[in-house]
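Right, one structure below, let's go through it.
Protein chains in written order, with our numbering: chain A, 3 to 177; chain B, 13 to 202.
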């Protein structure tokens with residue numbers, strides 16, 4: 003019985019095409035749109051620890067990427083309520099539901115981040131920020147979001163308490 | 013034979029006519045403003061207010077059910093506000109305001125409308141089987157829940173919800189349920 007002749011070319015091409023279709027089907031378009039909605043980098047600021055203050059960090063630094071630096075929690079602290087100046091050197095103390103603590107410190111942009119390699123909290127969690135004599139405790143617990151800006155959007159509203167800040171505006175008295 | 017065929021044809025025609033008449037009469041019998049009812053537990057402020065306060069504390073944070081995109085939407089001062097001019101936060105000096113009865117009602121409507129037929133069944137059984145409701149199973153961790161297992165059968169949180177479903181809200185349990193989630197005493201930031 004003669005051996006059957008079967009060229010591998012068409013089969014390989016078909017397999018590659020099928021794999022491509024499967025991968026294309028796995029693209030999370032909603033996530034893609036969320037990433038795109040964040041826009042470009044600010045002029046003169048390169049991607050890194052100082053970029054994109056006030057944005058929801060885990061949109062890109064979450065499990066879905068596109069960044070390879072994966073955070074478990076991250077955000078931005080502003081100096082004064084209603085103002086855009088960042089608060090650097092602020093200690094962000096987070097306690098999870100089993101009593102595990104992690105303290106991060108904000109940088110020049112007011113940003114802080116905790117990588118998945120550094121800590122794995124068991125949610126819910128409580129948060130307090132402090133610098134010198136000033137401190138603020140978040141009134142509610144974190145249920146599941148890793149990005150402060152998921153809830154603390156830059157514009158306050160019925161579903162946002164507004165940005166995270168260390169001190170209240172002068173008109174309302176300091177903390 | 014032809015007589016039999018005629019008889020059969022008559023029977024078929026009669027049956028078809030009866031079915032048609034039945035369909036037409038059943039359609040015309042439904043009023044245009046008819047609604048499917050729910051046998052729901054009380055939504056009064058006295059019966060549900062404490063449940064609503066517990067739900068917004070435990071489930072209604074802005075990153076959980078304090079979002080309009082969720083099927084179960086919880087409103088209140090610890091999360092999403094109903095009044096577009098209101099802001100999250102319960103403390104008056106900080107610009108917040110306490111949860112309003114209207115927010116309790118909005119939470120109530122969202123909750124009882126999730127599974128109306130199941131809710132009716134649970135209520136008709138006087139809350140004997142609260143686990144028939146998906147939201148109870150999710151909170152108890154019996155079904156996949158992004159927020160994990162939140163309550164244990166018999167604890168204050170569970171009693172708060174199940175007593176309301178049974179028609180006799182245990183307000184003491186609802187008050188104690190606000191103490192959840194519990195954080196280790198020696199490590200608390202508060």
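The beta carbon of each residue, even a glycine, is placed where N, CA and C say it ideally should be.
State the start and end residues of the unbroken beta strand (DSSP E) segment that holds residue i.
| i | result |
| --- | --- |
| residue 98 of chain A | 93-98 |
| residue 147 of chain B | Per DSSP, residue 147 of chain B belongs to no beta strand (DSSP E); it is in the alpha helix (DSSP H), 146-152. |
Based on the DSSP output, what are the partners of residue i in its beta bridges?
| i | result |
| --- | --- |
| residue 78 of chain A | A:113 |
| residue 104 of chain A | A:96 |
| residue 92 of chain B | B:87 |
| residue 88 of chain A | A:80 |
| residue 73 of chain A | A:117 |
Thinking C-beta only, is residue j closer than 8 Å to residue i?
| i | j | result |
| --- | --- | --- |
| residue 131 of chain A | residue 156 of chain A | no |
| residue 146 of chain B | residue 155 of chain B | yes |
| residue 152 of chain A | residue 75 of chain B | yes |
| residue 114 of chain A | residue 100 of chain A | no |
| residue 110 of chain B | residue 177 of chain B | no |
| residue 164 of chain A | residue 154 of chain A | yes |
| residue 166 of chain A | residue 104 of chain A | no |
| residue 90 of chain B | residue 102 of chain B | yes |
| residue 127 of chain A | residue 96 of chain A | yes |
| residue 1 of chain A | residue 83 of chain A | The shown model of chain A, from 3 to 177, leaves out residue 1 of chain A, and the question about it has no answer. |
| residue 189 of chain B | residue 175 of chain B | no |
| residue 88 of chain B | residue 72 of chain B | yes |
| residue 108 of chain A | residue 89 of chain A | yes |
| residue 200 of chain A | residue 37 of chain A | The first residue shown for chain A is 3 and the last is 177, placing residue 200 of chain A beyond what the model contains. |
| residue 60 of chain A | residue 122 of chain A | no |
| residue 35 of chain A | residue 54 of chain A | no |
| residue 14 of chain A | residue 73 of chain A | no |
| residue 93 of chain B | residue 160 of chain A | yes |
| residue 51 of chain B | residue 136 of chain B | yes |
| residue 56 of chain A | residue 78 of chain A | yes |
| residue 42 of chain B | residue 68 of chain B | no |
| residue 143 of chain A | residue 193 of chain B | yes |
| residue 179 of chain B | residue 139 of chain B | yes |
| residue 84 of chain B | residue 132 of chain B | no |
| residue 149 of chain B | residue 163 of chain B | no |
| residue 30 of chain A | residue 66 of chain A | yes |
| residue 144 of chain B | residue 130 of chain B | yes |
| residue 64 of chain B | residue 119 of chain B | yes |
| residue 48 of chain B | residue 165 of chain B | no |
Would you mind reading off the limits of the alpha helix (DSSP H) that contains residue i?
| i | result |
| --- | --- |
| residue 61 of chain B | 57-70 |
| residue 121 of chain B | 113-124 |
| residue 30 of chain A | Looking at the DSSP string, residue 30 of chain A is not in any alpha helix (DSSP H), and its letter there is neither H nor E. |
| residue 174 of chain B | 168-177 |
| residue 194 of chain B | That residue, residue 194 of chain B, is in no alpha helix (DSSP H); it is neither H nor E in DSSP. |
| residue 61 of chain A | 60-63 |
| residue 132 of chain B | 128-136 |
Nearest chain E C-beta to residue i closer than 8 Å, yes or no?
| i | result |
| --- | --- |
| residue 62 of chain B | No chain E appears in the structure shown, which is made up of the protein chains A and B. |
Cβ of residue i versus every heavy atom of the ligand FAD: is any distance shorter than 7 Å?
| i | result |
| --- | --- |
| residue 71 of chain B | With respect to the ligand FAD, the structure shown offers nothing to examine, as it has no ligands at all. |
Kindly provide the ranges of any beta strand (DSSP E) runs that are 3 or more residues long and lie completely inside the stretch 127-168 of chain A, ordered along the chain. Runs of the beta strand (DSSP E) inside the stretch 127-168 of chain A: 127-133 and 136-139.
Report yes or no: do the stretch 93-102 of chain B and the stretch 51-66 of chain B share at least 3 C-beta pairs separated by less than 8 Å? Counting C-beta pairs closer than 8 Å gives fewer than three between the stretch 93-102 of chain B and the stretch 51-66 of chain B, which falls short of the contact rule.
So, does the stretch 41-54 of chain A touch the stretch 117-136 of chain A, judging by three or more C-beta pairs under 8 Å? No, the stretch 41-54 of chain A is not in contact with the stretch 117-136 of chain A.
At least 3 beta-carbon pairs within less than 8 Å: the stretch 157-172 of chain B vs the stretch 78-87 of chain B: When C-beta atoms of the stretch 157-172 of chain B are compared with those of the stretch 78-87 of chain B, fewer than three pairs fall below 8 Å, so the two segments do not count as touching.
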